[in-house]
Amino acid sequence: MSVFRILCSNTLLVLLSMLFFSPAKAQPKIIFDTDFGGDADDLGALSMLHGFHQNGEAELLAVMIWNREEYSVAGVDATNRYYGHPGIPIGVREGGSHSLDWNFSQAIAREIPHERTNRDAPGAVDLYREILSGHDDNSVIIVTVGPLANIQNLLQSGPDHHSGLNGKDLFHQKVEKMVVMGGEYPTGRQEWNFWGNMEGVTRYVFDHVDVPVVFLGYEIGVRIQTGNVFNKLPEDHPLYLGFYHFSKYAPWMQERFTGEILNNATYDQTAVLYAVRGGIGEYWEKVEGGHNEIDPDGRNRWVDGEVTNQSYLRLLVQPNVLARKIEELMLFEFNITDL
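Under numbering that gives the first Met the number 0, the first residue of the sequence shown is numbered 0, with each subsequent residue one higher.
Written as structure tokens, this is what we have:
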């Protein structure tokens with residue numbers, strides 16, 4: 000055999016080995032921190048995570064709930080069980096609960112079987128410390144789509160039976176990065192996730208977090224409208240139940256309600272999509288070189304400068320194109336063309 004044929008043969012073997020035996024992309028391990036029950040985009044984001052969890056694209060380690068409305072844990076538990084993942088841990092922000100009629104969690108909890116409630120769920124900080132201490136260093140992605148009190152409380156926590164590290168050290172040892180739906184870029188209003196009627200919380204968190212942080216702002220999600228397609232779902236589906244209740248009763252939606260689920264801004268789903276699939280150059284441009292300056296009242300502005308651990312995303316595609324993709328991911332159980 001000639002030297003040329005040997006080289007060609009070896010090259011072919013290398014190419015085949017790269018094609019069939021290249022290592023698989025690491026599966027993102029995600030903790031989802033949400034104010035589930037208010038705006039229905041949290042429900043859409045959780046549905047996407049169940050799809051990714053089910054097809055092996057990501058592992059949903061836990062759901063942490065900022066919202067202490069009395070049905071919040073029951074609504075998440077019912078959703079998890081509907082999708083066939085009842086074992087996913089749920090933690091809730093410490094400090095009691097309250098009732099709010101327009102929150103969509105109750106609509107889901109009243110129609111779909113569940114076993115857990117706010118009263119028997121562990122505190123979010125305790126569950127964070129348990130989950131983080133049980134995983135490898137730099138292996139966990141935290142996706143936040145609500146106000147950040149759970150993260151602040153974790154950072155301020157002390158050593159316990161889960162770990163001898165304080166909260167800040169445990170966070171930085173175990174967390175790979177944060178993906179944060181919050182703020183507005185390059186300059187922002189008082190966006191809810193950065194405010195939450197909790198002065199100084201967001202500023203504290205990002206003054207003390209040194210892992211990579213990617214922000215997705217209000218200006219992205221407000222242009223991506225989804226939800227109306229859920230009118231075609233069975234009425235016992237969590238997406239139908241939650242989005243219908245939200246459309247009918249949420250104070251900023253009910254004036255437009257005429258008996259059907261309304262399209263709504265798609266904020267939180269964008270954070271989940273980026274956390275699992277990335278999409279830089281396809282859906283987003285990543286803006287680096289600078290940092291997010293945040294006021295105590297949650298207003299923010301991007302300050303250009305040297306590269307830091309922070310970046311934010313700009314939308315590259317038309318909003319309706321990404322809306323269709325996100326609808327497909329929320330409705331992963333269905334062939335969306337049949338709806």
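Note that beta-carbon positions come from the ideal geometry of N, C-alpha and C, so glycine has one too.
Problem - Where the beta strand (DSSP E) containing residue 268 begins and where it ends - result: Within the sequence shown, numbered from 1, the residue matching residue 268 stands at position 269. Element bounds for residue 268: not the beta strand (DSSP E) but the alpha helix (DSSP H), 267–276.
Pull up the distance between the alpha-carbon of residue 93 and that of residue 327, whole angstroms please.
The count along the sequence shown starts at 1 and reaches residue 93 at position 94. The count along the sequence shown starts at 1 and reaches residue 327 at position 328. When rounded, the distance between both Cα atoms is 35 Å.
Handout entry: beta strand (DSSP E) segment containing residue 309, residue limits
Key = By 1-based counting over the sequence shown, the position of residue 309 is 310. Here the beta strand (DSSP E) through residue 309 covers 309–314.
Q.
Looking only at its chain, what residues have a beta carbon closer than 6 Å to the beta carbon of residue 147, apart from the 5 residues adjacent to it on each side?
A. One-based indexing of the sequence shown puts residue 147 at position 148. Here the set comprises 200, 201 and 204.
Let me check understanding here. Comparing Cα to Cα, which of 309, 126 and 332 lies closest to residue 156? Counting from 1 along the sequence shown, the entry for residue 156 is found at position 157. It is 126 whose Cα lies nearest to the Cα of residue 156.
Where does residue 356 land, buried or exposed, given buried means 16+ other C-beta within 10 angstroms? Nothing about residue 356 can be reported from this structure: the residues present for the chain run from 0 to 338 only.
Original post:
Roughly how many whole angstroms lie between the Cα atoms of residue 142 and residue 32?
Top reply: As a position in the sequence shown, residue 142 is number 143, starting the count at 1. As a position in the sequence shown, residue 32 is number 33, starting the count at 1. Near 6 Å, if we compare the C-alpha coordinates of residue 32 and residue 142.
Notebook entry, point to check: Which word fits residue 301, buried or exposed, when buried means at least 16 other C-beta atoms lie within 10 angstroms of its C-beta?
Noted result: Here residue 301 refers to the residue found at position 302 when the sequence shown is read from its first residue. Per the 10 Å Cβ criterion, buried.
message: With H, G and I counted as helix, E and B as strand and the rest as coil, what does DSSP make of residue 187?
response: For this step, residue 187 is matched to residue 188 along the sequence shown. Three-state result, residue 187: coil.
Less than 7 Å between C-beta atoms, sequence neighbours within five positions excluded: which residues of the same chain meet that for residue 120? On the sequence shown, residue 120 is found 121 positions in, with the first residue counted as 1. Around residue 120: 72, 89, 90 and 91.
Excluding sequence positions up to five away, which residues of its chain have a Cβ less than 8 Å from the Cβ of residue 280?
Here residue 280 is taken as the residue at index 281 of the sequence shown, counted from 1. Result list for residue 280: 315, in chain order.
Across the region 308–325 and the region 246–260, are there enough close Cβ pairs to call them in contact, namely three or more that are closer than 8 Å? no
So within the region 62–101, which uninterrupted beta strand (DSSP E) runs reach at least 3 residues, ignoring any that extend past its ends? 89–91
With burial defined as no fewer than 16 other Cβ atoms inside 10 Å of the residue's Cβ, what is the status of residue 338: buried or exposed?
Sequence index remark: in the sequence shown, residue 338 carries index 339 (1-based). Burial call: exposed.
### Query
Which same chain residues, not among the five before or five after residue 222, have their C-beta less than 6 Å away from its C-beta?
In the sequence shown, residue 222 corresponds to position 223, counting from 1. Answer for residue 222: 318, listed in chain order.
Checklist entry - In chain order, what residues of the same chain have a beta carbon less than 8 Å from the beta carbon of residue 97, not counting five sequence neighbours either side? => result For the purposes of this step, residue 97 is identified with residue 98 of the sequence shown, where counting begins at 1. Once the five neighbours on either side are set aside, the close Cβ partners of residue 97 are 67, 68 and 69.
What would DSSP say about residue 322, mapped onto helix, strand or coil? Along the sequence shown, one-based indexing puts residue 322 at 323. Helix, per DSSP.
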